[in-house]
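Asker:
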Amino acid sequence: MSTKESKTSVCLSPTSLMEKSMKIEGKDVPFGPPPTEYNYRCSQCDCEMLVNEAIIDVEVGIAEFEGRWYEGFMPVLGCPGCNRETMQYAED
Ligand SMILES: [Zn+2]
Numbered sequence: 010m011s012t013k014e015s016k017t018s019v020c021l022s023p024t025s026l027m028e029k030s031m032k033i034e035g036k037d038v039p040f041g042p043p044p045t046e047y048n049y050r051c052s053q054c055d056c057e058m059l060v061n062e063a064i065i066d067v068e069v070g071i072a073e074f075e076g077r078w079y080e081g082f083m084p085v086l087g088c089p090g091c092n093r094e095t096m097q098y099a100e101d
């Protein structure tokens, strides 16, 4: 782990890029609808990422368990670029 500051705000998320292209190509796949994905954006580096609903479900379950859940709750997730809990749901 390094604490030196980084000027690059490039956020590589090959997984979400792959999912994005699969989504486009997979328009007519006969395997049922693709899972819902939520657009997340980092408040620190503006990195954007698509988050599978399965991950959201888990986070919501934890929030419910801990009594933090409320109507319209969306969990804050860790940013792969910042390594901090700075990814927030971004409606667009
Ligand atoms: Zn970030």
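For the sequence shown, our numbering gives the first residue as 10, with consecutive numbering after it.
Note that CB positions come from ideal geometry on N, CA and C, so glycine has one too.
Is it right to say P42 is buried, meaning 16 or more other beta carbons lie within 10 angstroms of its own, or is it exposed?
Answerer: P42 should be labelled exposed.
Asker: Count the other C-beta atoms from every protein chain shown that fall within 10 angstroms of the C-beta of S11, then say buried if there are 16 or more, exposed otherwise.
Answerer: Legend: pLDDT at S11 = 48, less than 50; position of this residue unreliable, value from coordinates given subsequently. With fewer than 16 Cβ atoms within 10 Å of its Cβ, S11 is classed as exposed.
Asker: Examine the Cβ distances between the region 40-60 and the region 84-96 and report whether three or more of them are shorter than 8 Å.
Answerer: Output reads yes: the region 84-96 touches the region 40-60.
Asker: Grouping DSSP H, G and I as helix and E and B as strand, with all else coil, what is E80?
Answerer: Looking at E80 - three-state DSSP - the assignment turns out to be coil, as it is neither helix nor strand.
Asker: Name the two residues that bound the continuous beta strand (DSSP E) containing E46.
Answerer: Taken as a continuous stretch (DSSP letters only), the beta strand (DSSP E) holding E46 covers 46-51.
Asker: Around the Cβ of Y49, are there at least 16 other Cβ atoms within 10 angstroms (buried) or fewer (exposed)?
Answerer: That one is buried.
Asker: At a threshold of 7 Å, does Q97 count as lining ligand 1 (C-beta to nearest heavy atom)?
Answerer: No, the beta carbon of Q97 sits no closer than 7 Å to any heavy atom of ligand 1.
Asker: Could you tell me if the beta carbon of G90 falls within a distance shorter than 7 Å of some heavy atom in ligand 1?
Answerer: Indeed, a heavy atom of ligand 1 lies less than 7 Å from the Cβ.
Asker: In whole angstroms, what is the alpha-carbon distance linking D66 and C54?
Answerer: Taking the straight line from one Cα to the other gives about 25 Å.
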